[in-house]
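All remarks here apply to the structure that follows.
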Amino acid sequence: MEEIDEADSLAVDTNAIIEVLDNAPVTAAVLYGSHARGDATADSDVDLAVVFDDSLGSVETTQARLGLIERLTARLGTDDIDVVPLARTHATLRREIYDDGIVLYGSPDALPAMDDPSPAADQMAAFDELLTEIERVV
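Residues are numbered in this note's numbering as their position in the sequence shown, beginning at 1, plus a constant of 93.
As structure tokens, this is what we get:
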């Protein structure tokens, strides 16, 4: 995983993202996906994995995530933004985040260990995939 210094040449406004994160209950954030790899196009979304403050419950985390998306949308001028709680990502996505990601906010030490995924994370990811499939069918 790269550090923020590598983010200076990215197409996305990382300073704007950091300003939004400064006012959010977030301890760390990682830009990943095409913007982090440097192959973003005009159609690329902004992918951000975040570590929310441990004091937040499930409902508060969801509210914080939605608020973060809303503020990033306004600040970046796009609604093509994905914000995922890093603790709830499944192993495949987490591997992508750790391999290609750039830490924009907080310390890499604040990130969960790659080899210690939460069992609930895989269950949550499977449930999210199921909901997506249900929405597609309905």
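Every residue gets a Cβ at the ideal spot worked out from N, C-alpha and C, and that includes glycine.
Cβ shell of ASP106 (< 7 angstroms), same chain only, five flanking positions each side left out | The residue given as residue 106 occupies position 13 in the sequence shown. Taken in chain order, the residues that qualify are LEU169.
Q: Might you give, ordered along the chain, the residues of its own chain that have their beta carbon closer than 7 angstroms to the beta carbon of PRO178, omitting 5 neighbours on each side?
A: Start at 1 with the first residue of the sequence shown, and residue 178 comes out as number 85. If we look at PRO178 and ignore the five residues flanking it on each side, its Cβ neighbours are VAL143, PHE145, THR154 and ARG158.
- Query: If we ignore side chains and look at the alpha-carbon of each, how far apart do HIS183 and LEU141 end up?
  - Reply: Looking up residue 183 in the sequence shown gives position 90. Looking up residue 141 in the sequence shown gives position 48. About 15 angstroms.
By the DSSP assignment, the beta strand (DSSP E) with GLY199 in it spans what residues? Mapped onto the sequence shown, residue 199 falls at position 106. The continuous beta strand (DSSP E) containing GLY199 extends over residues 195-199.
Going straight from the alpha carbon of ALA100 to that of SER137, what length do you get?
Mapped onto the sequence shown, residue 100 falls at position 7. Mapped onto the sequence shown, residue 137 falls at position 44. Reliability of the predicted coordinates at ALA100 is poor, the pLDDT of 47 falling under 50, and no value is obtained from them.
key: CA nearest to the CA of ALA109, picked from GLY150, SER148, THR166 and ASP147   = Here residue 109 is taken as the residue at index 16 of the sequence shown, counted from 1. Among GLY150, SER148, THR166 and ASP147, the Cα nearest to that of ALA109 belongs to THR166.
- Item | When LEU186, SER127 and LEU223 are compared against ASP173, the one with the closest alpha-carbon | Position 80 of the sequence shown, counted from the start, is the residue given in the question as residue 173. If we check each option's Cα against that of ASP173, SER127 comes out closest.
Inter-residue Cα distance where the pair is ARG164 and ALA104: Locating residue 164 in the sequence shown gives position 71, counting from the first residue. Locating residue 104 in the sequence shown gives position 11, counting from the first residue. Each residue's alpha carbon lies about 19 angstroms from the other.
* Spatial distance of ASP132 from LEU124 (CA atoms) -> Counted from its first residue, the sequence shown places residue 132 at position 39. Counted from its first residue, the sequence shown places residue 124 at position 31. Computed Cα separation, rounded: 13 angstroms.
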